[in-house]
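**Q** Numbering (UniProt numbering), first residue to last: 1 to 377.
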Amino acid sequence: AINNLKRWMQPQPAERNLSTTLDECLVISEPLGVVFIRGTWCSPVQMCLVPLVGAIAAGNCAIISPSDCTTHTAELLHRLVPFYLDNECFHVILAGLSDLPEILDLKFDHIFFTGSREDGSKVALAAARTFTPVTLILGGKNPCYVDQHCDIATTVQRIAWARFHNAGQSLVAPGYILCHVDVKARLVQALKCCLMQFYGPDPRESRSFGRMVNMEIFNRMRDVLWRSGKVAVGGQVIEAEKYIAPTILTEVTESDPIMQQEVFGPVLPVLTVDGVDEAITFINKQEKPLCVYAYSTNSKVISRLMSETSSGSFCSNDCALQSLMVALPFGGVGASGMGSFHGRYSFDTFSHRKSCLLRGTWQHLDLPPLIAQLEQH
Numbered sequence: 001a002i003n004n005l006k007r008w009m010q011p012q013p014a015e016r017n018l019s020t021t022l023d024e025c026l027v028i029s030e031p032l033g034v035v036f037i038r039g040t041w042c043s044p045v046q047m048c049l050v051p052l053v054g055a056i057a058a059g060n061c062a063i064i065s066p067s068d069c070t071t072h073t074a075e076l077l078h079r080l081v082p083f084y085l086d087n088e089c090f091h092v093i094l095a096g097l098s099d100l101p102e103i104l105d106l107k108f109d110h111i112f113f114t115g116s117r118e119d120g121s122k123v124a125l126a127a128a129r130t131f132t133p134v135t136l137i138l139g140g141k142n143p144c145y146v147d148q149h150c151d152i153a154t155t156v157q158r159i160a161w162a163r164f165h166n167a168g169q170s171l172v173a174p175g176y177i178l179c180h181v182d183v184k185a186r187l188v189q190a191l192k193c194c195l196m197q198f199y200g201p202d203p204r205e206s207r208s209f210g211r212m213v214n215m216e217i218f219n220r221m222r223d224v225l226w227r228s229g230k231v232a233v234g235g236q237v238i239e240a241e242k243y244i245a246p247t248i249l250t251e252v253t254e255s256d257p258i259m260q261q262e263v264f265g266p267v268l269p270v271l272t273v274d275g276v277d278e279a280i281t282f283i284n285k286q287e288k289p290l291c292v293y294a295y296s297t298n299s300k301v302i303s304r305l306m307s308e309t310s311s312g313s314f315c316s317n318d319c320a321l322q323s324l325m326v327a328l329p330f331g332g333v334g335a336s337g338m339g340s341f342h343g344r345y346s347f348d349t350f351s352h353r354k355s356c357l358l359r360g361t362w363q364h365l366d367l368p369p370l371i372a373q374l375e376q377h
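(1) Span of the alpha helix (DSSP H) holding residue 281?
(2) Can you check the stretch 200 to 257 for any beta strand (DSSP E) of at least 3 residues that lies completely inside it and give the ranges in chain order?
(3) Thinking residue 174 and residue 163 are a contact (beta carbons under 8 Å), I'd like their distance in whole angstroms, please.
(4) How many whole angstroms separate the CB atoms of residue 34 and residue 353, which I take to be in contact at a CB cut-off of 8 Å?
(5) Short of 8 Å in beta carbon distance, which residues of its chain neighbour residue 272, apart from the five on each side in sequence? Order them along the chain.
(6) Could you tell me the alpha carbon to alpha carbon distance between residue 259 and residue 141, rounded to whole angstroms?
(7) Classify residue 58 as helix, strand or coil using the three-state DSSP reduction.
(8) In whole angstroms, what separates the C-alpha of residue 337 from that of residue 93?
(9) Have a look at residue 217 and residue 53 and give me their C-alpha separation to the nearest angstrom.
(10) Just checking my contact of residue 295 with residue 317 at CB under 8 Å: how many whole Å lie between their CB atoms?
(11) Touching or not, the stretch 79 to 89 and the stretch 107 to 118, by the rule of three or more beta carbon pairs under 8 Å?
(12) Keeping to the same chain, check which residues put their C-beta closer than 6 Å to that of residue 298; ignore five residues upstream and five downstream.
(13) For residue 268, report the span of its beta strand (DSSP E) as first-last.
(14) State the beta-bridge partners of residue 28 as determined by DSSP.
(15) Quickly, what does DSSP pair residue 338 with across the bridge? List them, please.
(16) So is residue 66 buried or exposed if we call it buried at 16+ other beta carbons inside 10 Å?
(17) From this set, 270, 362, 331, which residue's C-alpha is nearest residue 190's C-alpha?
(18) Would you kindly check if the distance between the Cβ of residue 70 and the Cβ of residue 41 is under 8 Å?
Here is the structure:
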């Protein structure tokens, strides 16, 4: 933002027509005013501060509300933001989701919300009452297609890293695998070996593996795990530690509980399909996700997954990296959200693009009475 802000702020010339040949047509960016940013517990720093950078770059004041699920992070932001930023323009408030209706009645100029679809719909309804524009980052179940033509060793490493990082508590983690039936056995065995390599024989003892953020999330994930598919790897849970082992599920059906909600935990369901056609059909039957992932050495397969499915973002032969690229917009579509941010896209999200026509004071030739003027000629 610092390196590019001067360029982003420049008025953009617009194409003129015959009647405006001598005029200047511009689009200028102006601040919206005061914006509200609500973060999420799975990325409590990133989803507060990255949008804040865009809001500041666009010239806005901001109220930041970190998730109350990550209490210590919220308190840290509450302490540090006033230390580094102007207290008259930027505030951090410690509030729960139950406080949002009262907060949103204050009439902000833009609302940036990251969270569940259920909470996002409530925010959108509250914003509609005051005609406030919103950006919603809502997530969803991100499908990951594994073709029979792929490098299995590389594929499982990249999928396992993205799925089990932060104990699976990530908006952009692959939510389930759709693998070609011919590679299922090899894929599951390779995932098992990969998890051993990542976290050792007992992931509970690994310093690289985390825990569920609170008991509510732990209980929800445990209940879904026990009622879905068959455990091929992992499956151990320890309530006192909020620990769920890295788990691979097989024999999962579309109607299983784990396929009916977003997975915020270290559990990866594996389903089989006969090929890319069935994978595309399966993905398109679901709500539009935040991300679609595809692993294949066949460029035609990658092209089809990218063009024949709809999602907030797409990444081939890796996971999550597209969400880290500031040159790419990050956001959802349909049920996974609306609007986007990152880099220039954050600046645009928190700006109003105003149309401007600058005209001189010379005489107009098209003023009434037009008929009389024509008759004179």
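Glycine residues also receive a C-beta, built at the ideal position from the N, C-alpha and C atoms.
**A** According to the data block:
(1) To locate residue 281, count along the sequence shown from 1; it is residue 281. That run of the alpha helix (DSSP H) goes 276 to 285.
(2) 230 to 233, 247 to 250
(3) Numbered from 1 along the sequence shown, position 174 holds the residue referred to as residue 174. Numbered from 1 along the sequence shown, position 163 holds the residue referred to as residue 163. Contact flag correct, Cβ pair sits at about 5 Å.
(4) As a first step, residue 34 is located in the sequence shown; it is residue number 34 there, counting from the start. As a first step, residue 353 is located in the sequence shown; it is residue number 353 there, counting from the start. The pair is not a contact, with the Cβ atoms about 19 Å apart (cut-off 8 Å).
(5) Taking the sequence shown and counting its residues from 1, one reaches residue 272 at position 272. Contacts found: 178, 179, 180, 181, 184.
(6) As a position in the sequence shown, residue 259 is number 259, starting the count at 1. As a position in the sequence shown, residue 141 is number 141, starting the count at 1. Roughly 8 Å between the two C-alpha positions.
(7) Here the question's residue 58 lines up with position 58 in the sequence shown. Residue state, collapsed to three classes: coil.
(8) Within the sequence shown, numbered from 1, the residue matching residue 337 stands at position 337. Within the sequence shown, numbered from 1, the residue matching residue 93 stands at position 93. Cα to Cα, the separation comes out at about 24 Å.
(9) Here residue 217 refers to the residue found at position 217 of the sequence shown. Here residue 53 refers to the residue found at position 53 of the sequence shown. About 30 Å.
(10) The sequence position of residue 295 within the sequence shown is 295, counting from 1. The sequence position of residue 317 within the sequence shown is 317, counting from 1. Rounded, the Cβ-Cβ distance is 5 Å, consistent with contact.
(11) no
(12) Translated into positions along the sequence shown, residue 298 becomes position 298. Cβ within range, chain order: 149.
(13) Taking the first residue of the sequence shown as 1, we reach residue 268 at position 268. Where residue 268 is concerned, the enclosing beta strand (DSSP E) stretches over 267 to 273.
(14) Position 28 of the sequence shown, counting from 1, holds the residue named residue 28. In DSSP, residue 28 forms a bridge with 354.
(15) Position 338 of the sequence shown, counting from 1, holds the residue named residue 338. Looking at the DSSP assignment, residue 338 forms a beta bridge with 136.
(16) On the sequence shown, residue 66 is found 66 positions in, with the first residue counted as 1. By the neighbour-count rule (16 or more Cβ atoms within 10 Å), residue 66 is buried.
(17) For the purposes of this step, residue 190 is identified with residue 190 of the sequence shown, where counting begins at 1. Cα-wise, what sits closest to residue 190 is 270.
(18) For the purposes of this step, residue 41 is identified with residue 41 of the sequence shown, where counting begins at 1. For the purposes of this step, residue 70 is identified with residue 70 of the sequence shown, where counting begins at 1. Closer than 8 Å, so yes.
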